[in-house]
Every structure is written in structure tokens, then in C-alpha cells.
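Number of protein chains: 2
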Amino acid sequence: MKKSITIKEIAEEAQVSIATVSMVLNKKDKKISEATRKKIHAIAQKYNYTPNTMARSLITRQTRTIGLIIPDIVNPFFPEIARGVEDKASEFGYSVIYCNTDDKIKREDKYINVLTEKMVDGIIFAHSSDRQLGFDSLDKCKVPILLIDRDYENRNVIGRVVVDNREGAYMATSYLLDRGYRKIAYIAGSITTTTARGRLEGYNQALAEREIPVNEHYIKVGEYKLQWGVEAADQLLHEKEPIDAIFCGNDLIAIGAIRKLKECGLRVPEDIGIVGFDDIYLASLVEPPLTTIKQPNYEMGYKAAELLIKNIEKLRQDKIKHENNSVLVEKNTVFLPTELIVRRSAK
Amino acid sequence: MKKSITIKEIAEEAQVSIATVSMVLNKKDKKISEATRKKIHAIAQKYNYTPNTMARSLITRQTRTIGLIIPDIVNPFFPEIARGVEDKASEFGYSVIYCNTDDKIKREDKYINVLTEKMVDGIIFAHSSDRQLGFDSLDKCKVPILLIDRDYENRNVIGRVVVDNREGAYMATSYLLDRGYRKIAYIAGSITTTTARGRLEGYNQALAEREIPVNEHYIKVGEYKLQWGVEAADQLLHEKEPIDAIFCGNDLIAIGAIRKLKECGLRVPEDIGIVGFDDIYLASLVEPPLTTIKQPNYEMGYKAAELLIKNIEKLRQDKIKHENNSVLVEKNTVFLPTELIVRRSAK
DNA sequence: CTGAAAGCGCTTACAG
DNA sequence: CTGAAAGCGCTTACAG
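Protein sequence lines, in the order shown, are assigned to chains A and B.
Counting the first sequence from 1 gives a position; this note's numbering is that position plus 126.
Counting the second sequence from 1 gives a position; this note's numbering is that position plus 126.
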């Protein structure tokens, strides 16, 4: 549309050098006379000057833009994360470019490339669960990467922000145990991810603490879908040793399980106790409102953006000051706590 | 992190000029000898060359990045739109920077500014419903803007993509009429938006066609929330002339209304027919699965990105070719059709 | 207090 | 077929 005015044109009109204009507009104008300053600001205002950040970035080597790579924004798990990221980023004056990969490694690599070319200052990355080994595009990547939700070993990764799934599952299972349930099943969504493994650990730990033996038949591994909740619940109802409670890997599973239980005339939580992992907050909409472990998704995004940007800025400081290799602000994995939300108490 | 190699360095190593390297790497290399070409590609590969798009953009005046401004990605209405936008954008080789405004005009203006500074090629904008009049930041904006979901008159706007709410409401109401319902209420979420007005028009039109007089008491205006659905349903049940069906402004309202009806021992749809406007696809999770008007949200984002990018590219073509004022690809409002999803048929 | 100059990494006429 | 040169809009030492 309209062409923007440049500092060169402002300089001409103000009868000063472009250096002076640049300094004034960047508030590095301690040494500039009040008169010049006013004149320049007036002209900038008049023509509605907007700086060309491309030109600036070319010199400063910072774009104040970060990338967010997630599987799918439509998956209700991710909007809160995305929102957390954007909130923190904009607090710091950063923008975020967001990318959907559908968990496809090819698309992940493509986006890492695109973001690198766009010179983003950093990337927040929720990678595919299939991504098992070190991968070229990550190794080659010239941009700092921070992992969320799922863990992954890689030297280019400057940090990780994940949910404390072990603790959450422990809380969920302990809650059921506290209410007197003893035959607690676990319907897992999958077991290949660190997420799922953490939850299994927590479940086992809670049982172990009370010296309740783990019944392998009580652990059903499938996928994070409503239909799987229905099926798994059906399987559990046909076990020789009847169950009295279920810890569900996520809330879609929980909804499915409840549907099945009701079909069979069982009441929740009077007959069968249920706690779900509240991936996507839907559980609160089904009846009976379900007791769940709330995932700190918003916090995850927020924290991730904070860590990433702090690292970015520290890296830059170090480069400017000492030109030596810099130490990261925080290199280790951050575990975010979950919360037990009791919506309807069992027994 | 690692510094990227530049075309200058490639040129040195290959013993050619940077112009040659640039041409080869940009596939404008028809005139370059096969040997030089191969040599250059080999070196680029070897050092894992990634172009600096800042530098390129500075010259070409295109960033291949568009902005997406929405109220809140956590609102389940928007992820599908965002996904549609990103899908189409990445098809065209564009990235998208996304921004949450919480419907605050101040934040909208801030983001329009930020995006302008970042030199995005265009902006897709779902503006606040409170934004009634022409507004400075939009007028001043140097970037083409395309509006989605909500309409707004402004000369800087190159187009609009909205849902055909009138048609949708007409379908919903007609469906209920076809099933024999005659006392059809309408629980609206609000009436200030063009969205809500369109729906009211469709409702009125359907009734008018069958020569059924509109009963003002049957139209309840509130907000797009579950609780309002509960309240409005309660009000409707106390009307002198009893209703036999409800058209709900969105699915949160529908869920609330159903909850109330059930509480009063009424069956849906046997006693009271219900059709909701399926803003957020949640309706399918409540029982009984609800008949709804499906919003083409994904399509809205997809179409919007397509129109915007086509306009951007046309604008550029025209500038290169004739340097004259260009005609927009499509300036008018695009109405996207809704779809009636019958999940449980009434009567 | 201010300016002249170099340069960020690239593209694009233009010349040969 | 290839190179020298100008320039995109800005920042940053350095000099005065």
C-alpha cells in the first residue's frame, strides 16, 4: 500500500544526518540537543514514520521474533500453550510465528528451516513423539531451541519445559487410594512417549507406597481417544478381578470410559471412581463433572517463552560484552506441577 | 548459535562473483554454466548455507510473512481458523505471525503497528465487535488487511470473508419447521454484531416464509455463554404460550438450554426441538448429540489466506509490470456457506 | 553535540 | 556466460 518514509528523508527535511535521526528515534539521544530532537520527532510523527525492522535486524542480528512449532493448534491441548507463549513473548516485545506439523518429521524439519531463514531469535518446539534419535535439522539448526511437553536429547536444545506427569499420576492414584478404592485400573493413551511413561511411573509409585501389587491386567494401553476409553472400560469390566476405580490417561479417555460405565448401569464415582488427566479441559463439560489432574498448559507456554527469551538476551549480552562462549541461563529441564481438581468427590 | 555462511564467502571459495552465486541459488541461473552451478551448489551444501531473508526482504520488499490478529486462540472458535490460515499460507510459502487481542482495541492497534514494522505482506484480522467506527491505526496501516468473521467498513480493507449467518439461521429454523415445530424460540448471544444480526434475519425469514408471526417474547438476547442458555431456557419455559423448539445462537447456549430442559424433565428433541449454531464443535459431546449448523471455520481461515496472498502477489505483479494503480483480485465480501448437521432427528 | 563512512547480506539492472 | 557497482534502510564505531 502506502510507502513508508525513511530516516533518510526525515534527515533531509530536518537538515541533519541520518545518524542523528537514528539516534533520536532509538532513544540513544542523550547527546542530542533538545531542539534537534523535537524537530525530528515532529517530522516522524507528521509522516507516520515506522522503522523498517528488516534493515535494523540485518545489523543487530535480532528479529525479536520467535517460532512456535506444534503438532496442531486445533488439538485442544495446544491453544493454551500457544497463548502462554504469545503472552510472554509480547510482554518482552517479541512476536511469534506459529507452525503446525501434524506430528510429521518432514514438516518439522521444513519449519525449522523456514524459521532459521527468517532469522527468528529462538524456537519453542513440541516435537513429534516419533522423533526418537538425534536429527539432522536440529543439529544443524543455528537457532536456539527450547522443547516443551515432550523431552528429547539434543545438544542444540537449550532447555526443556515439561509437565510433571509422574507427580500428577501419583496424585491421581493416591487420591483414589485415599478414598478407599483398591482395584485401580489405568487406561493409558500410549506408552511410547516420556509423557505416558511418567504417568505410568506415578501410578506404580502410588500403588507401591501402599504395598498394593500392580495387576498387569489393569493396565490398558491404547490411544488418547474417546473411543479407546469406551473399549478399554469394556475390557476392564470383563476382567476376572473386578475393578473399583480407573485412572484415565486423558480426559477424552475418561469421557469414553464414563459413557461405557453408565451404559452398564454403573454410577460414577459411587460404583467406580474415576480420575482423568485433564489434557484439554473438556472433562468439566461432561456429566458428572469429573475429578481431574489439571495440566498447566498455559504456564508451560508462558514459562517456555520466558526461558527462551531470557536465554536469547543473555546470549546477546555475552556476545557484546566478552565475545566468549556464554553460559545458558538455565539448561536443565523444568518440571511444571499439576493440580488435582476435585469436582465431585468419590465415596 | 552458529554463524551462517554468506554468499560472499561462497563466492570467494568458488572464485566467482556474489552476483553469480545469488543467481544460482535463486534458480535464475539459465545463463550460468553447468560447471559453475555445480560448484556453487556443492559449496552451499557443504557449509549448510541458509539465505538471510532479512537482507533479501530489504530489497524485494516482501517478507513472505502474514499477520493473523484474533481475539484469543484459547476460545475454541479460533483454532480452526488459525489452522486454515496457516495451512494455506504455508502452501504458498508464507509464514504467519499470530496475535491475541482479547478484543481490546488498544492491543489490536499495537499489533497492527508491530506487524507493520515487521513488514508483513498482509494481515488477516478478526476485529473486536466493539470496533464500530473508522479507526486511525487501520487507516494509517500500510499493509493490506483482510477481515474475517466480523465485518467492518474501511478503505484499507481489501476484502472480507464471513460466514453466511443469515442462510445458516434460515436452515436451522426451516429444519425445525419441517419437523412440525411451530413455536420456535431463538436464544441469541448478542445482537450488536453483524453475525448476530444475520442470524436473526435468517430466523425471521424462515418464519415469514411459512407465514408464522414472530413472537417477540420468543427472542431472548444475552451472551454466548452456557449460563445464558440455562437462564434463557428457564425464561422460555415460563412464557404464557409454551414453546416447542429452540434455535440457539451458539452451542454453548444450546448446552445450557438442554441442561435446563432436562432438569425440568423435558426430552430433547422429543418434547422440545433444538438446533444450535455450532461455533465450537462442543455440541457433539453433549447428550443427546445435537443437531447443529456447522460453521466453516477452517474454510474461513483457508479462504482468507488465499484471498489475501493472491491480492498481495497481484499487487506486486502490477507494481513490477506497469507501475500503475492495481485492481484488487476480489474486493467484495465472500460469504461462506454453513452446513446443517443432523445428529439426532427431531420428531 | 553532530556528521561522514562503513557495512549488515542480499538482488538487480547494466555492461562486457 | 560472468562481474562490478549501486543500493535496500538502517546502526554503529569513529572522528571532529
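Every residue gets a Cβ at the ideal spot worked out from N, C-alpha and C, and that includes glycine.
- Annotated three-state conformation of A:Phe403 is strand, per DSSP.
- Remark: C-beta atoms of B:Thr227 and B:Ser254 approach each other more closely than 8 Å.
- Think of a sphere of 8 Å around the beta carbon of A:Leu184: the chain B residues whose beta carbon falls inside it are Asn178, Met180, Ala181, Leu184, in chain order.
- Checking the DSSP bridge columns, you'll see B:Leu462 partnered with B:Val289.
- At least one C-beta of chain B is nearer than 8 Å to the C-beta of A:Met245.
- Burial check for A:Asn152: the Cβ neighbour count within 10 Å stays below 16, so the residue is exposed.
- Taking 8 Å as the cut-off, the Cβ atoms of B:Gly402 and B:Leu392 do not count as close.
- In the three-state reduction of the DSSP assignment, B:Asn239 falls in the helix class, which pools H, G and I.
- Just so you know, the alpha carbons of A:Val269 and A:Tyr312 end up roughly 40 Å apart.
- Contact between the segment 239-248 of chain B and the segment 205-219 of chain B is absent, with fewer than three C-beta pairs closer than 8 Å.
- The Cβ neighbour count for A:Asn458, taken over all protein chains shown within 10 Å, is under 16; the residue is labelled exposed.
- Residues of chain A with a Cβ closer than 9 Å to the Cβ of B:Thr242 are, in chain order, Ser130, Thr176.
- In the three-state reduction of the DSSP assignment, A:Asn226 falls in the strand class.
- The segment 173-180 of chain B makes no contact with the segment 199-210 of chain B; the number of CB pairs closer than 8 Å stays below 3.
- Any Cβ of chain A closer than 8 Å to the Cβ of B:Pro368 would place that residue at the interface, and such an atom is absent.
- Chain B places no beta carbon closer than 8 Å to that of A:Asp229, leaving this residue out of the contacts.
- A distance of 8 Å or more separates the beta carbons of A:Arg187 and A:Ser221.
- A Cβ-Cβ separation of about 18 Å leaves B:Arg292 out of contact with B:Leu273 under the 8 Å criterion.
- For A:Cys225, same chain residues with a beta-carbon under 6 Å away, outside a window of 5 residues either side, are Ile195, Tyr237 in chain order.
- Shown here, B:Val356 sits in a helix according to DSSP, grouped into three states.
- For B:Arg385 and B:Val356, the gap between their C-alpha atoms comes out near 7 Å.
- A:Ala359 and B:Ile231 have their C-alpha atoms spaced approximately 49 Å apart.
- Not a single CB atom of chain A sits nearer than 8 Å to the CB of B:Thr418.
- From the beta-carbon of B:Asp444, no residue of chain A is found nearer than 7 Å; the closest lies around 13 Å away.
- Taking a contact to require three or more Cβ pairs closer than 8 Å, the segment 335-344 of chain B and the segment 420-427 of chain B do not qualify as touching.
- When secondary structure is reduced to three states using DSSP, A:Lys420 falls in the strand class.
- B:Ser221 sits in a strand when the DSSP states are folded into three classes.
- Comparing alpha-carbon positions, the option among A:Arg276, A:Lys440, A:Lys436 lying closest to A:Leu462 turns out to be A:Arg276.
- Chain B has a Cβ within less than 8 Å of the Cβ of A:Arg209.
- Under the 10 Å beta carbon count, A:Arg469 is surrounded by fewer than 16 other beta carbons and is classified as exposed.
- Taking a Cβ-Cβ cut-off of 9 Å, the neighbours of B:Val200 in chain A comprise Pro205, Glu206, Ala208, Arg209, Tyr424, given in sequence order.
- The beta carbon of A:Val394 sits closer than 7 Å to the beta carbons of Ile384, Leu387, Ile400, Pro414 from its chain, once the five residues preceding and following it are set aside; these are given in chain order.
- Judged by DSSP in its simplified three-state form, A:Ile158 adopts coil rather than helix or strand.
- With contacts defined by Cβ atoms closer than 8 Å, A:Gly382 and A:Gln353 form a contacting pair.
- Proximity of chain B to A:Thr191 at the Cβ level (cut-off 8 Å) is accounted for by Ile223, Lys244, in chain order.
- Of the candidates B:Pro368, B:Glu349, B:Ser300, the residue whose Cα lies closest to the Cα of B:Ile379 is B:Glu349.
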